[in-house]
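Engineer: Just passing along the structure, written as structure tokens.
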Amino acid sequence: MNKQIMANHLGFYTWEQLIGASDLVSNDEARTWYVTATRTWYKWILWNTDGDVYFNNSTKEEALSTLKYIYEKNAIHNFVWHDGYDFSQFEPHMYGILDDSITWLELEM
1 MNKQIMANHL GFYTWEQLIG ASDLVSNDEA RTWYVTATRT WYKWILWNTD
51 GDVYFNNSTK EEALSTLKYI YEKNAIHNFV WHDGYDFSQF EPHMYGILDD
101 SITWLELEM
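In UniProt numbering, the protein residues as written are 1 to 109.
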């Protein structure tokens with residue numbers, strides 16, 4: 001997909017605006033991954049330099065858990081994680097457990 005068309009489709013006037021509004025989260029041997037909050041119904045999007053876009057994530061954490069799922073599903077282990085969130089923390093979210101404080105409370109007892 002053309003960079004300008006992709007930027008417009010995601011609610012930005014230019015490619016530079018899209019990059020400026022995006023957080024670099026990871027890169028692997030084949031692509032670079034970004035997460036962006038949009039003003040459109042897409043909410044948070046996860047996208048990469050190959051033009052793959054994963055729409056409608058409610059939060060940044062949800063978008064990052066999608067990336068974790070993609071890496072695990074495709075057995076991609078050679079990547080550099082750039083985001084401040086710990087990559088391993090997304091496991092509970094991937095299984096629909098949004099608040100794991102009860103689990104930790106049970107472990108402490």
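We put the CB at the ideal spot given by N, CA and C, even for glycine.
1. Relative to the C-alpha of E61, which candidate in E16, N74, D28, A37 has its C-alpha closest?
2. Is DSSP giving I45 helix, strand or coil here?
3. Based on DSSP bridge pairs, tell me the residues matched to V80.
4. I'd like the span of the beta strand (DSSP E) that includes T59, first residue to last.
5. Does M1 come out as helix, strand or coil in the three-state DSSP assignment?
6. Between the Cα of residue 169 and those of H82, N78, A75, K68, spot the shortest distance and give me the residue it belongs to.
Structural biologist: Put simply:
1. Start at 1 with the first residue of the sequence shown, and residue 61 comes out as number 61. Looking at E16, N74, D28, A37, the one whose alpha-carbon comes closest to that of E61 is A37.
2. Within the sequence shown, the letter at position 45 stands for residue 45. Secondary structure of I45 (DSSP, three-state): strand.
3. Here residue 80 refers to the residue found at position 80 when the sequence shown is read from its first residue. BP columns for V80 point to N27.
4. The count along the sequence shown starts at 1 and reaches residue 59 at position 59. Taken as a continuous stretch (DSSP letters only), T59 belongs to no beta strand (DSSP E), as it is neither H nor E.
5. By one-based count along the sequence shown, residue 1 stands at place 1. Coil.
6. This structure cannot speak to residue 169, because the chain is shown only from 1 to 109.
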